[in-house]
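A short write-up of the structure that comes next.
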Amino acid sequence: MKNRLIHHSAAAAQRGGHVTKQRGAKQAIMLRARRAGAVACGAVLVGISNVVAAPTVSAPPAKEILSMARMQQAGQDVDLQGQLRQADKIVPFRLTQSGGVTRYSFTNPDEALQLRLGAADSKLEEISREGVDKISGPEFEQNVRGTPVTYEDLALKFLYWPNAKVVGEDSTNTRRVWKLDLQPPTRQSQYSRVLVWTEQQSGALMRMEGYDWNGRLAKRFEVVSVQKIEGRYFLKQMRIEAIQAETGKVQSRTYLEIKK
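In the numbering used here, each residue carries its 1-based index in the sequence shown increased by 1275.
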């Protein structure tokens, strides 16, 4: 009886220690998310930490990693200029963020896309002279200004998919990242799955791959370079590649660039 009590006591202490470590890891994750500078651009979070993260022993749950990525969107107020560049075509835009609302403003014709990230879902609206329209349903498959970026990409809907799991740890651009496999709850998405690489230190999205419903790679987003603006690190250039399903070769390349 005494031996059993000792065994149970030791096991309980071990479980308690494990819970304490998990709580500590979760608190550290949320603290890093608040400290990291962030702003949304195109379909990717661009707040990047200025340090290279050391390898982490164990990954936090996928739900916490995605929550951290969403927190990046509402991190601070910003006002930046950028452009989408595809061969000779250049689409300039203004990027502003305030109070958790991110707005992409275009000209010729005048148009603004407004993104709100909530606790359970995101909301994307189109603002024009005719008024405000919520983008939904089949509209998500439409391209933004003739680029490979769709409204669904811009709305970051995949960050809310419940069927998410951490599949590994990796390194990209000298930064340690978590690799996540996300699958949509219904067939309403253009993607059957999205692979996401998030920076461990800040939660920023460094790379994304979207696969069609035949399991073939359809689109790839990847951060190419970052820059320091007023003491904070932001995206400088991101490459967006549309993939030819039948051959697996790159069909087009578009660059999303942020200017100082």
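Using N, Cα and C, we set each Cβ at its ideal position, and we do this for glycine too.
query: Less than 7 Å separating the beta-carbons of V1469 and K1454?
result: no
- request: Identify whether L1431 lies in helix, strand or coil by the three-state DSSP scheme.
  value: coil
task: Specify whether the region 1389 to 1401 and the region 1350 to 1362 touch according to this definition: at least 3 beta carbon pairs, one from each stretch, less than 8 Å apart.
output: no
task: Can you tell me the Cβ-Cβ gap for T1371 and V1353, rounded? I've got them flagged as a contact below 8 Å.
output: 7 Å
field: beta strand (DSSP E) segment containing I1410, residue limits
entry: Counting along the chain, I1410 falls outside any beta strand (DSSP E), and DSSP gives it neither H nor E.
- prompt: If you count every other CB in all the chains shown that lies within 10 Å of the CB of G1430, and 16 or more means buried, which is it?
  reply: Correcting the residue type first, residue 1430 is Ala in the shown sequence and not Gly. Buried, since its Cβ has 16 or more Cβ neighbours within 10 Å.
- request: Look at the Cβ atom of A1493, then the Cβ atom of G1485, and state whether they are nearer than 7 Å.
  value: yes
message: Less than 7 Å between the C-beta atoms of I1504 and K1534, yes or no?
response: no
query: Quick one: complete beta strand (DSSP E) runs, 3+ long, within the region 1443 to 1483?
result: 1450 to 1458, 1468 to 1474
message: Going by the DSSP bridge assignment, what does E1400 pair with across the sheet?
response: Q1389, K1409
- request: State the start and end residues of the unbroken beta strand (DSSP E) segment that holds A1517.
  value: 1507 to 1518
- prompt: Would you say M1483 and V1471 are within 7 Å of each other, going by their C-beta atoms?
  reply: yes
- request: For the beta strand (DSSP E) holding K1494, just list the boundary residues, first then last.
  value: 1492 to 1504
field: Cα-Cα separation, E1414 to D1408
entry: 11 Å
task: Given a cut-off of 7 Å, decide if D1456 and K1265 are closer than it, judged by their beta-carbon atoms.
output: One cannot answer for residue 1265 here, as it falls past the ends of the chain, which runs 1276 to 1535.
- prompt: Between which two residues does the beta strand (DSSP E) harbouring K1534 extend?
  reply: 1525 to 1534
- prompt: Is P1459 buried or exposed, if buried means 16 or more other CB atoms sit within 10 Å of its CB?
  reply: buried
Closest by C-alpha distance to M1346, when choosing among Y1426, T1425, L1392, R1369: L1392
query: On the three-state DSSP scale, how would you describe R1420?
result: coil
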